[in-house]
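If you want our numbering, it's the 1-based position in the sequence shown plus 1. A virtual CB, placed ideally from N, CA and C, is assigned to each residue, including glycine. Fair warning: this is a prediction, and the values are worked out from it, not measured in the lab.
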Amino acid sequence: MQEPRSSGVRRLVLMRHSKAEATGPSDRERALAPRGHADAAETGRWLRDQGVEPDAALVSDAVRTQETWAAVAEGAGWDLEPELSSSLYAAGPDAAVDLVRETDPAVATLVVIGHNPTVAYVAELLDDGDGDADATTGLITRGFPTSALAVFAVPGDWSTVAPGACRLESFHVGDG
Numbered sequence: 002m003q004e005p006r007s008s009g010v011r012r013l014v015l016m017r018h019s020k021a022e023a024t025g026p027s028d029r030e031r032a033l034a035p036r037g038h039a040d041a042a043e044t045g046r047w048l049r050d051q052g053v054e055p056d057a058a059l060v061s062d063a064v065r066t067q068e069t070w071a072a073v074a075e076g077a078g079w080d081l082e083p084e085l086s087s088s089l090y091a092a093g094p095d096a097a098v099d100l101v102r103e104t105d106p107a108v109a110t111l112v113v114i115g116h117n118p119t120v121a122y123v124a125e126l127l128d129d130g131d132g133d134a135d136a137t138t139g140l141i142t143r144g145f146p147t148s149a150l151a152v153f154a155v156p157g158d159w160s161t162v163a164p165g166a167c168r169l170e171s172f173h174v175g176d177g
């Protein structure tokens, strides 16, 4: 799935955190439920099997997103420190897209792990409508449950990410 950097095509993986506990000391401090850990690890294995190898990761600084990243990275066999973002925790769709646009141009593949409804809105916003038909059907019919992710091809620099500018290549929901 991953193309060489020389192709000019970048990969954006948008993921909603995995299943979290219903309560915590605060919303930001809610941890993953046991099912969430299993789903995130399965999602990491799926990404590895698809050949996704990120150069960078942008992760909300909430406990559940950090734990999701750790389990995904372990499942995929990645050794990459994510950038933790308090801005992503509270971001709406426009602010989340702005964060993606700020990605270093040297990055070929970026993984973003955040929260709904923002992640679902961003996925729908970026989709150019010409991507994989099964992925589009999955995105439309399944919504964006916990552990869901959408993989997009970004045809230009990160700064060009905009509504309708990215091609949906795959949609996956970790089922543990």
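When rounded, the separation of the alpha-carbon atoms in Pro26 and Ala32 is 10 angstroms. DSSP, read as helix, strand or coil, puts Gly115 in strand. Note on Gly144: under 16 other CB atoms within 10 angstroms of its CB, so exposed under the neighbour-count rule. Taking a cut-off of 8 angstroms on C-beta distances, the region 15-22 touches the region 115-132, as three or more cross pairs fall below it. The Cβ atoms of Ala42 and Val73 sit closer than 9 angstroms to each other.
Nearest Cα to Val101 within the set Leu59, Asp80 and Arg168: Leu59. In the three-state DSSP reduction, Thr110 falls in the strand class (E or B). By the neighbour-count criterion, in which 16 or more other beta carbons inside 10 Å mark a residue as buried, Thr161 falls on the exposed side.
Boundaries of the alpha helix (DSSP H) around His38: Pro35 to Asp50. Inclusion of Arg12 and Val64 in the CB contact set at 9 angstroms is not warranted, their separation being larger than that value. If you look at Arg11, you'll find it in the beta strand (DSSP E) that goes Arg11 to Arg17.
The region 133-144 makes contact with the region 162-173; the number of CB pairs closer than 8 angstroms reaches 3 or more. In this structure, the straight-line span from the alpha carbon of Asp95 to that of Gly37 is close to 27 angstroms. Of all alpha-carbon atoms in Val120, Gly132, Asp158 and Ser61, the one lying nearest the alpha-carbon of Thr147 is that of Val120. Considered as a whole, the region 133-162 harbours 149-155 as its complete beta strand (DSSP E) runs of no fewer than 3 residues, in chain order.
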